[in-house]
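> Every number in this note's numbering is 19 more than the matching position in the sequence shown, counting from 1.
Below is a structure I'd like to ask you about.
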Amino acid sequence: MRSLLLVSTALVAPSALAGGLALQPKAGAPIPDLTPAQLELFQTGRVLYSTPIPATAGMGPIFNKTNCQSCHSNPVGGWGNASVMHFGISDKGAFSVVPGEPQSLLQEFAVSEFCKESVPSAANFTAIRMTNSSMAFGMVEAIPDADIAANADPDDLNGDGVSGRVHWVRPLEEPDANAPLRAGRFGWKAQVATVLSFSGDATRNEMGLTNRLLMEENAPNGDVARLSQCDPVPEPEDVPDAQGFAFIDRVTHFQRYLAVPPQTPKSGMAGESVFVSVGCASCHVPEWTTSSSPSLEAALRGKVIRPYGDFLLHDMGLQGDGVADGYAFETELRTPVLWNLRTRDPMMHNGAASGGTFNDRVRTAIALHGPYGEAAGSAEAFANLPEAQKAQLVAFLDSLGRLEFDSTGDGHVTILDFVDFKAAYGSTTNPDLATAVHDIDQDGAIGPADFAMFMQAYEGDNLDCNSNGIPDLQDLLTGPSVDVNVDGIPDECAGCAADFNGDGTVNGADLGVLLASWGLPATGTDMNSDGTVDGADLGVLLASWGSCD
20 MRSLLLVSTA LVAPSALAGG LALQPKAGAP IPDLTPAQLE LFQTGRVLYS TPIPATAGMG
80 PIFNKTNCQS CHSNPVGGWG NASVMHFGIS DKGAFSVVPG EPQSLLQEFA VSEFCKESVP
140 SAANFTAIRM TNSSMAFGMV EAIPDADIAA NADPDDLNGD GVSGRVHWVR PLEEPDANAP
200 LRAGRFGWKA QVATVLSFSG DATRNEMGLT NRLLMEENAP NGDVARLSQC DPVPEPEDVP
260 DAQGFAFIDR VTHFQRYLAV PPQTPKSGMA GESVFVSVGC ASCHVPEWTT SSSPSLEAAL
320 RGKVIRPYGD FLLHDMGLQG DGVADGYAFE TELRTPVLWN LRTRDPMMHN GAASGGTFND
380 RVRTAIALHG PYGEAAGSAE AFANLPEAQK AQLVAFLDSL GRLEFDSTGD GHVTILDFVD
440 FKAAYGSTTN PDLATAVHDI DQDGAIGPAD FAMFMQAYEG DNLDCNSNGI PDLQDLLTGP
500 SVDVNVDGIP DECAGCAADF NGDGTVNGAD LGVLLASWGL PATGTDMNSD GTVDGADLGV
560 LLASWGSCD
């Protein structure tokens, strides 16, 4: 009789086999060591992050999106291909906001045509900014200001051509005008220092939802009279829920507790040495340690993170966006983090490196760092590298965001990745080989400890179809079992593959289980593993009708 119980991770004793290793979370997943209460806050915030806010609840009257996920979509909380426009007056490179306009940001949509704003005729300049990532925002906020400031070199005293400076700002939630400024770290101009400020700013300026941090509504093109006819909801529109949390608090919880994206292999790639040698690491600083302050949650405290960014403003020359913002000049941009870079399309602040392959986008983005500005030297150094070293650097950048065991690179660990794992099992490897994605303990060999971790990462059903007390994947890896149709089930169990209730017979009860999941994505009833339960799966069930003996 075929057993349909999922194999417990305890059955293969992964901690014993893998020496206590832990899988890196997927991009978009919560920090793994949150308390139950913090995890609940994350999950509630995740739902609200993707839930559209209606105009009746205060959204608008002018806005760019109705929910956070519409911009931060790859994955949820990450990069996006949505853009916003800034407009203003540029006079010999000096930027100013159009007189009468409250800001440079254009809200593209409105609750009605009457309420809609447009780029005023007085504006002679526009700029595009792409969506930044919100990954691991809590970790980034937890980097001490002093550590960020220690990397600043505004006068380029060391003569390396890189002269980053801190954008000192006051958090929106700081009521004391005499309180010390904080080091900005979020936004293309490092104009935001805290996650809560980021949430409050985006909620009002992108969604038109006033909140306790920004109580004044944006009037269409500064027209207060028109605003009075377009916005009947009193301020603040974002009010606390039954638990005392406003929307800006909820989405802050989600962004604050987003985990650091994976990096596979974690270290040792030759391309990272190339990355350092051509000067990329001068701005894209690899590693930071969060504050050890007891006021921080334990999940954020004293953690080593690798964002590959310095959170400073740098003069990008012609690659600047031409917009002044706070103390940030027209040609300055904050160094963007590189974690989860492999999912980013388009790249650059204005999306200038888009489409094609990851290799195409990376090489275009690097070239666009020159010929002027602080990054010009690195762009030239990369251009002069031998092709082999260029490929190594791109391969390293492609590791930023790759999930462990994900040899296909699709962001999931499936039976196709198991096929690759099995082919590599028992072999030696190094961080620059494709098989290094399976060497989770980084000991140079793909063995039992790595397989124990694969069993945890695997997203398919890992059953014990022949009831021998050994998980199917382990039978397929080291035992006599084979899986010709690559469905994750040993072929000796094929006659019972449709025995969903494990009673030893394929009958009407199993037919009922299949019909109940008809049309759904891949489940235990997806007999041919094509991603949908449909007529093909029904055909397999009918062909297996009767006793499994």
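No residue lacks a Cβ here, since even glycine has one placed at the ideal position from N, Cα and C.
Since we're looking at a predicted model, the values are computed, not measured.
Between 471, 152, 469, 223, which lies nearest to residue 83 when the distance is taken from Cα to Cα?
Here residue 83 corresponds to residue number 64 of the sequence shown, with the count starting at 1. Looking at the Cα atoms, 223 is the closest of the given residues.
> Can you tell me whether residue 185 is helix, strand or coil according to DSSP?
Counted from its first residue, the sequence shown places residue 185 at position 166. Coil.
> Can you check which of these residues, 557, 434, 462, is closest to residue 496 by C-alpha distance?
By 1-based counting over the sequence shown, the position of residue 496 is 477. Selected option, being the one with the closest Cα: 434.
> Given residue 28, which residues of its chain have a CB within under 7 Å of its CB, disregarding the five upstream and five downstream residues?
Counted from its first residue, the sequence shown places residue 28 at position 9. Per-residue confidence for residue 28 stands at a pLDDT of 34, beneath the threshold of 50, marking its modelled position as unreliable; no derived number is given.
> Can you name, in chain order, every residue of its own chain whose Cβ lies under 6 Å from the Cβ of residue 206, other than the five neighbours on each side?
Here residue 206 is taken as the residue at index 187 of the sequence shown, counted from 1. The beta carbon of residue 206 lies closer than 6 Å to none in the same chain, with the five residues before and after it left out.
> The beta strand (DSSP E) that contains residue 145, what's its start and end?
As a working mapping, residue 145 is identified with position 126 in the sequence shown. DSSP places residue 145 inside the beta strand (DSSP E), whose first and last residues are 144-149.
> How big is the Cα-Cα spacing for residue 201 and residue 213?
Working through the sequence shown from its first residue, we reach residue 201 at position 182. Working through the sequence shown from its first residue, we reach residue 213 at position 194. Cα-Cα distance, rounded: 9 Å.
> Reducing DSSP to helix, strand and coil, say where residue 62 ends up.
As a working mapping, residue 62 is identified with position 43 in the sequence shown. It is helical.
> When you compare only the Cα positions, how much space is there between residue 430 and residue 480?
Working through the sequence shown from its first residue, we reach residue 430 at position 411. Working through the sequence shown from its first residue, we reach residue 480 at position 461. Rounded to the nearest angstrom, the two C-alpha atoms are 17 Å apart.
> Indicate whether residue 275 and residue 305 have their beta-carbon atoms separated by less than 7 Å.
Position 256 of the sequence shown, counting from 1, holds the residue named residue 275. Position 286 of the sequence shown, counting from 1, holds the residue named residue 305. Contact: no.
> Is residue 236 helix, strand or coil by DSSP?
Counted from its first residue, the sequence shown places residue 236 at position 217. Three-state DSSP puts residue 236 in coil, outside helix and strand.
> Which full runs of the alpha helix (DSSP H) of 4+ residues lie inside the segment 293-359, going along the chain?
none
> What are the uninterrupted segments assigned as alpha helix (DSSP H) that are 4 or more residues long and contained completely in the segment 378-452, given in chain order?
395-402, 406-417, 434-443
> By Cβ distance, which residues of its chain are closer than 6 Å to residue 33, with the 5 residues on each side in sequence left out?
Along the sequence shown, one-based indexing puts residue 33 at 14. Any reading at residue 33 is ruled out, since the residue's pLDDT is 35, under 50, leaving its predicted position unreliable.
> For residue 478, count the other beta carbons within 10 Å of its own beta carbon; 16 or more makes it buried, fewer makes it exposed. Which is it?
As a position in the sequence shown, residue 478 is number 459, starting the count at 1. By the 10 Å Cβ count, residue 478 comes out exposed.
> I need the DSSP call for residue 258, collapsed to helix, strand or coil.
Translated into positions along the sequence shown, residue 258 becomes position 239. Coil.
> Which runs of the alpha helix (DSSP H) fall wholly inside the segment 480-522 and span at least 4 residues, in chain order?
491-497
> Compute the Euclidean distance between the alpha carbons of residue 523 and residue 484, then round it to the nearest angstrom.
Position 504 of the sequence shown, counting from 1, holds the residue named residue 523. Position 465 of the sequence shown, counting from 1, holds the residue named residue 484. Going by the C-alpha atoms only, they are around 11 Å apart.
> Please work out which residues of its chain come closer than 6 Å, Cβ to Cβ, to residue 366, disregarding the five sequence neighbours upstream and downstream, and give them in chain order.
Against the sequence shown, residue 366 aligns to sequence position 347. Closer than 6 Å at the Cβ level, and outside the excluded window around residue 366, lie 372, 380, 384.
> Can you give the Cα-Cα distance for residue 118 and residue 168, rounded to whole angstroms?
Working through the sequence shown from its first residue, we reach residue 118 at position 99. Working through the sequence shown from its first residue, we reach residue 168 at position 149. For the pair residue 118 and residue 168, the Cα-to-Cα distance works out to about 35 Å.
> Please determine, among 260, 493, 240, the residue with the shortest C-alpha to C-alpha distance to residue 137.
One-based indexing of the sequence shown puts residue 137 at position 118. Of 260, 493, 240, the residue nearest in Cα terms is 240.
> Reducing DSSP to helix, strand and coil, say where residue 267 ends up.
What you label residue 267 is simply residue 248 of the sequence shown in a count that begins at 1. Helix at residue 267.
> Note down, in chain order, each residue of its chain lying with its Cβ closer than 7 Å to the Cβ of residue 17, except the 5 sequence neighbours on either side.
An answer regarding residue 17 cannot be provided, because it is not within the stretch 20 to 568 covered by the chain.
> Should the segment 173-185 be called in touch with the segment 120-137, which here means at least 3 C-beta pairs below 8 Å?
no
> Below 7 Å between beta carbons: does that hold for residue 125 and residue 156?
Within the sequence shown, the letter at position 106 stands for residue 125. Within the sequence shown, the letter at position 137 stands for residue 156. Taking 7 Å as the Cβ cut-off, residue 125 and residue 156 do not qualify as a contacting pair.
> Within 10 Å of its beta-carbon, does residue 323 have 16 or more other beta-carbons around it, so buried, or fewer, so exposed?
Counting from 1 along the sequence shown, the entry for residue 323 is found at position 304. So residue 323 counts as exposed.
> If you follow the beta strand (DSSP E) that residue 113 is in, where does it begin and where does it stop?
Here the question's residue 113 lines up with position 94 in the sequence shown. Counting along the chain, the beta strand (DSSP E) containing residue 113 begins and ends at 113-115.
> Would you say the beta carbon of residue 250 comes nearer than 6 Å to a heavy atom of the ligand MG?
As for the ligand MG, it is missing from this structure, which has no ligand bound.
> Measure the alpha-carbon distance for residue 499 versus residue 45 and round it to whole angstroms.
Working through the sequence shown from its first residue, we reach residue 499 at position 480. Working through the sequence shown from its first residue, we reach residue 45 at position 26. Residue 45 has its alpha-carbon roughly 33 Å from the corresponding atom of residue 499.
> Check the DSSP bridge columns for residue 202 and list the partner residues they point to.
Start at 1 with the first residue of the sequence shown, and residue 202 comes out as number 183. The partner list for residue 202 (beta bridge, DSSP) reads 187.
> On the criterion of 16 or more Cβ atoms from any shown chain inside 10 Å, does residue 259 qualify as buried, or is it exposed?
Looking up residue 259 in the sequence shown gives position 240. Exposed: under 16 other Cβ atoms inside 10 Å.
> For residue 362, which residues from the same chain have a beta carbon less than 6 Å from its beta carbon, with the 5 sequence-adjacent residues on both sides left out?
Taking the first residue of the sequence shown as 1, we reach residue 362 at position 343. The residues are 93, 420.
> Grouping DSSP H, G and I as helix and E and B as strand, with all else coil, what is residue 288?
Counting from 1 along the sequence shown, the entry for residue 288 is found at position 269. In this structure, residue 288 counts as coil in the three-state DSSP scheme.
> Given a threshold of 16 other Cβ atoms within 10 Å of its Cβ, counted over all protein chains shown, does residue 111 qualify as buried or as exposed?
The sequence position of residue 111 within the sequence shown is 92, counting from 1. With fewer than 16 other Cβ atoms within 10 Å, it is exposed.
> For a quick check, are the C-beta atoms of residue 153 and residue 203 less than 7 Å apart?
Numbered from 1 along the sequence shown, position 134 holds the residue referred to as residue 153. Numbered from 1 along the sequence shown, position 184 holds the residue referred to as residue 203. Going by C-beta atoms, residue 153 is not nearer than 7 Å to residue 203.
> Decide yes or no for the touch test of the segment 249-258 against the segment 65-79: beta carbon pairs closer than 8 Å, at least 3 of them.
The answer is yes - the segment 65-79 touches the segment 249-258, with three or more Cβ pairs under 8 Å.
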